[in-house]
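As C-alpha cells, the structure follows; a few thoughts come after it.
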Amino acid sequence: MNAHEQLIRHFYESFQRKDYRSMAACYHPDATFSDAVFDLKNGKEIAAMWHYLCESGKDLSIEFADVQADEQSGKAHWEARYTFSRTGRRVHNIIEARFAFRDGKIIRHTDDFPFWRWSRMAFGPTGWLLGWTPFLKNKVRATAMGGLLRFIEQHAEYR
4 MNAHEQLIRH FYESFQRKDY RSMAACYHPD ATFSDAVFDL KNGKEIAAMW HYLCESGKDL
64 SIEFADVQAD EQSGKAHWEA RYTFSRTGRR VHNIIEARFA FRDGKIIRHT DDFPFWRWSR
124 MAFGPTGWLL GWTPFLKNKV RATAMGGLLR FIEQHAEYR
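In my numbering, the protein residues as written are 4 to 162.
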C-alpha cells in the first residue's frame, strides 16, 4: 500500500470514528471539495464541513472499500447511512470519491452520487417528483451552505 492509499484509508477510518480533526489533517490548506451539495474552496471550509457533518450526524455510519491511489490521484467507494434531520427519513448514500494530491495531502476531493436517488430517500415523494430538477438541488445546496456558514460563525477556528 502506497502513501496516498494509506492517506485515503486514514481519512475514512477517521470518518468512521467521527474524528473530524484527523479528517481535516488529511487536506492541503489549498484543497477544494465538491459534491452535489457543497462546493468548497479551501481547507478551512472543508474542515468545517466535516466537523459539521460529524457533529450533526448522530446515527451516521460509514463503510468504505476499493481504495486505489498512485502519485497523482486516487479513488474510493464509500457508503453513508444516516437519518436526514430535516425529514427524519433514513438515507443510504452510495458515493464514488476521487482525489488528487499535493505535498502528501489531498488537494482536490470530489464525491459523486446520484442526487435524485439521494433526494428520494431524504425527501420521499417530494424527492421523487422534484429530485431531478435544478430547483430542489439548488434549494438543498442553499440550505446546506447556510447551515455550514452558521456553523462556521459559531466556531472561530474556521473563520
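Each residue gets a CB set at the ideal place from its N, CA and C atoms; glycine is no exception.
Just so you know, the alpha carbons of S88 and A145 end up roughly 16 Å apart. In the structure shown, Q9 falls within a helical segment according to DSSP collapsed to helix, strand and coil. A contact is defined here as three or more CB-CB pairs under 8 Å, and the region 102 to 112 meets this definition with respect to the region 62 to 78. Listed as beta-bridge partners of Y30 by DSSP are I109.
With a beta-carbon spacing of about 4 Å, F67 and Y15 fall inside the 8 Å limit used to define contacts. Of the residues M52, C29, T136, I110, the one whose Cα lies closest to the Cα of F118 is T136.
Among the bridge pairs identified by DSSP, I155 is matched with none. Across the set A34, R93, A39, the C-alpha of A34 shows the shortest separation from the C-alpha of H112.
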